[in-house]
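Heads up: take any position in the sequence shown, counting from 1, add 187, and you land on the numbering used here. Don't be surprised by glycine CBs; every beta carbon is placed ideally from N, CA and C.
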Amino acid sequence: MADFASPLFSRQALVWYTRLPQDVREEWFQLQTSLLEKWSPPEYDEGVEPTPAAAAPSHPLGLSSKPLEGVIKIIRAISAPVLYLEHKGRNATCTVTENIADALRVRCHRLSDSILLECTDDPDRSWLAVHWTAPQVVIGNGPKQFSEITLIDPKTLKSTWGANYPYRPMTGSVSADMELNLSWKLGDGPVIPLHASISNALFINLVYDPQGNLSTSHRKKIARLFIEPVE
Numbered sequence: 188m189a190d191f192a193s194p195l196f197s198r199q200a201l202v203w204y205t206r207l208p209q210d211v212r213e214e215w216f217q218l219q220t221s222l223l224e225k226w227s228p229p230e231y232d233e234g235v236e237p238t239p240a241a242a243a244p245s246h247p248l249g250l251s252s253k254p255l256e257g258v259i260k261i262i263r264a265i266s267a268p269v270l271y272l273e274h275k276g277r278n279a280t281c282t283v284t285e286n287i288a289d290a291l292r293v294r295c296h297r298l299s300d301s302i303l304l305e306c307t308d309d310p311d312r313s314w315l316a317v318h319w320t321a322p323q324v325v326i327g328n329g330p331k332q333f334s335e336i337t338l339i340d341p342k343t344l345k346s347t348w349g350a351n352y353p354y355r356p357m358t359g360s361v362s363a364d365m366e367l368n369l370s371w372k373l374g375d376g377p378v379i380p381l382h383a384s385i386s387n388a389l390f391i392n393l394v395y396d397p398q399g400n401l402s403t404s405h406r407k408k409i410a411r412l413f414i415e416p417v418e
């Protein structure tokens with residue numbers, strides 16, 4: 188749960204968070220206690236009128252203040268059919284489809300410097316997640332390091348894939364041409380760009396070393412991801 192909260196810190200809160208001991212940052216109940224000690228809300232006062240919330244800022248892409256919604260479109264080679272990200276029923280991980288009607292509907296929630304992706308098909312409003320396939324994420328392990336795309340239950344904050352490996356909500360940015368650029372932040376380290384890898388069997392993974400990943404199999408292709416708005 189602490190990993191789920193970390194992308195939400197910004198400005199003074201982010202500086203405060205990064206200075207916390209590592210065990211506090213990684214354990215939700217310790218983090219919760221520290222939050223309340225630092226920013227405990229004032230006691231409720233019946234005589235105080237609530238202050239109206241400030242108007243929402245305009246959309247960074249110049250579209251509108253409404254969150255960007257749509258499906259995730261997957262572009263491979265020019266001649267290859269367009270694919271879309273999907274999540275079938277109780278499947279543990281996301282897969283791909285050529286049928287836009289089966290595509291997963293998502294909503295982009297903007298943070299201070301990135302976005303979170305919410306699955307709007309699910310009545311419980313799950314979040315898309317990056318779930319690694321190894322016990323530790325070791326940047327520098329080359330093509331052996333890759334992740335699945337899963338969902339996170341907003342109530343339990345657990346991934347739909349039960350493997351006890353690192354995972355966290357999917358974060359990234361959306362460019363002016365609607366390209367989705369995903370990333371992973373390893374502790375206090377740098378932000379690592381992630382790339383989509385598609386196999387001939389139409390399995391999708393996220394990798395940080397695209398060329399190294401391609402070298403493991405001629406059947407894999409690096410793809411670009413886009414948000415395609417839908418009604």
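In this structure, how does DSSP classify residue i when only helix, strand and coil are distinguished?
{"i": "K225", "result": "helix"}
{"i": "L255", "result": "coil"}
{"i": "V211", "result": "helix"}
{"i": "I409", "result": "strand"}
{"i": "A383", "result": "strand"}
{"i": "W371", "result": "strand"}
{"i": "L298", "result": "coil"}
{"i": "L291", "result": "coil"}
{"i": "L218", "result": "helix"}
{"i": "P377", "result": "coil"}
{"i": "P237", "result": "Note on P237: pLDDT 47, under 50, position unreliable in the model; no value is reported."}
{"i": "W203", "result": "helix"}
Taking the DSSP output, what are the residues bridged to residue i?
{"i": "Y354", "result": "H318"}
{"i": "E285", "result": "Bridge partners of E285: none, in fact."}
{"i": "F333", "result": "V394"}
{"i": "P416", "result": "G257"}
{"i": "S360", "result": "N368"}
{"i": "I170", "result": "Given that the chain is displayed from residue 188 to residue 418, the structure contains no residue 170 and the question cannot be resolved."}
{"i": "L389", "result": "Its beta-bridge partners do not exist; DSSP assigns none."}
{"i": "S346", "result": "I339"}
Use the C-beta contact count for residue i: other C-beta atoms within 10 angstroms, 16 or more gives buried, fewer gives exposed.
{"i": "T343", "result": "exposed"}
{"i": "E273", "result": "buried"}
{"i": "Q332", "result": "buried"}
{"i": "K407", "result": "buried"}
{"i": "L389", "result": "exposed"}
{"i": "R355", "result": "buried"}
{"i": "I459", "result": "With the chain represented from 188 up to 418, any question about residue 459 goes unanswered, as that position is not in the structure."}
{"i": "D396", "result": "buried"}
{"i": "I265", "result": "exposed"}
{"i": "T220", "result": "exposed"}
{"i": "E415", "result": "exposed"}
{"i": "A290", "result": "buried"}
{"i": "G335", "result": "Reading off the sequence, residue 335 comes out as Glu, not Gly. Buried, by the Cβ-count rule."}
{"i": "V394", "result": "buried"}
{"i": "V324", "result": "buried"}
Please check the pair residue i and residue j, which I expect to be a contact at CB under 8 Å, by giving their CB distance rounded to whole angstroms.
{"i": "L153", "j": "L315", "result": "Absent from the model: residue 153. The displayed extent of the chain is 188 to 418, so no value can be given."}
{"i": "T280", "j": "T337", "result": "5 Å"}
{"i": "I302", "j": "V361", "result": "6 Å"}
{"i": "A424", "j": "I261", "result": "Any answer about residue 424 is impossible in this case: the structure gives the chain only from 188 up to 418."}
{"i": "P353", "j": "S313", "result": "With a Cβ gap of about 18 Å, P353 and S313 do not count as contacting."}
{"i": "P380", "j": "N368", "result": "7 Å"}
{"i": "S346", "j": "H382", "result": "S346 to H382, Cβ: 21 Å. No contact."}
{"i": "R263", "j": "I385", "result": "6 Å"}
{"i": "V293", "j": "T282", "result": "Not quite, the Cβ-Cβ distance comes to about 15 Å (not below 8 Å), so this is no contact."}
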